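Enquirer: Could you have a look at this structure, given as structure tokens, before my questions?
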Amino acid sequence: MARSKSTPFRKSPMIGGPKSPGAKKTAARAQAKGGAEQLKPRKRRHKPGEKALKEIRAYQRSTELLIRKLPFARLVKEVQTSFTPGGLQYRWAATAVLALQEAAEAHLVGLFEDANLACIHAKRVTIMPKDMQLARRIRGRLRE
Numbered sequence: 078m079a080r081s082k083s084t085p086f087r088k089s090p091m092i093g094g095p096k097s098p099g100a101k102k103t104a105a106r107a108q109a110k111g112g113a114e115q116l117k118p119r120k121r122r123h124k125p126g127e128k129a130l131k132e133i134r135a136y137q138r139s140t141e142l143l144i145r146k147l148p149f150a151r152l153v154k155e156v157q158t159s160f161t162p163g164g165l166q167y168r169w170a171a172t173a174v175l176a177l178q179e180a181a182e183a184h185l186v187g188l189f190e191d192a193n194l195a196c197i198h199a200k201r202v203t204i205m206p207k208d209m210q211l212a213r214r215i216r217g218r219l220r221e
């Protein structure tokens, strides 16, 4: 007699409901308590770097400010009090803080772009402190 391949026995999920009488009771109890545990759909696995590229595209497309307004305003006021004699407190117009924040974010974005170019030039993908230092040094005193 010729050999035939046997497939392993696999337990399949209960499609038509429980088959044994004891299982019917437990299923009924679970239904009464709020339903059986529903299977949550698995989260999609992303390739390495795919999510980062998606975030980069989203941030490049958007125009909103990336730094929160209130923490930035507190920082501006803190720096201002440290530079004024006697620690005088001045009042800031909302538009003035907003203009300062726009300029600060534009400066930081440009600095990160230059640091990224330095990083790519070194055949790396991760920005390191030496890339930031090189970008600041190449930019010069005027653009610091």
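Residue numbers (the working numbering): 78 to 221.
Heads up, the beta-carbon is just placed ideally off N, CA and C, and yes, glycines get one too.
For clarity, every value in this text was computed on a predicted model and none was experimentally measured.
Let's test the definition: count the other Cβ atoms within 10 Å of the Cβ of alanine 212 and tell me whether it reaches 16, buried, or not, exposed.
Expert: buried
Enquirer: Got a sec, what are the start and stop residues for the alpha helix (DSSP H) histidine 184 sits in?
Expert: 171-198
Enquirer: Quick one: is alanine 180 buried, meaning 16 or more other Cβ sit within 10 Å of its Cβ, or exposed?
Expert: Flag for alanine 180 reads exposed.
Enquirer: So, for lysine 82: in the same chain, excluding its five sequence neighbours on each side, which residues have a beta-carbon less than 8 Å away from its beta-carbon?
Expert: none
Enquirer: Quick check on the burial criterion: 16 or more other C-beta atoms within 10 angstroms. Buried or exposed for alanine 129?
Expert: exposed
Enquirer: Which of the three DSSP states, helix, strand or coil, is assigned to methionine 276?
Expert: The structure shown does not extend to residue 276, since the chain is modelled only from 78 through 221, so no value can be given for it.
Enquirer: Using alpha carbons as the reference points, say which of Lys120, Glu141 and Arg201 lies closest to leucine 175.
Expert: Glu141
Enquirer: Which whole-angstrom value is the C-beta distance of glutamate 182 and leucine 143, which I expect to be below 8 Å?
Expert: 6 Å
Enquirer: What span of residues does the alpha helix (DSSP H) with threonine 158 cover, start to end?
Expert: 146-160
Enquirer: How many Å lie between tyrosine 38 and valine 186 at the Cα?
Expert: Residue 38 lies beyond the range of the chain shown here (78 to 221); nothing can be said about it.
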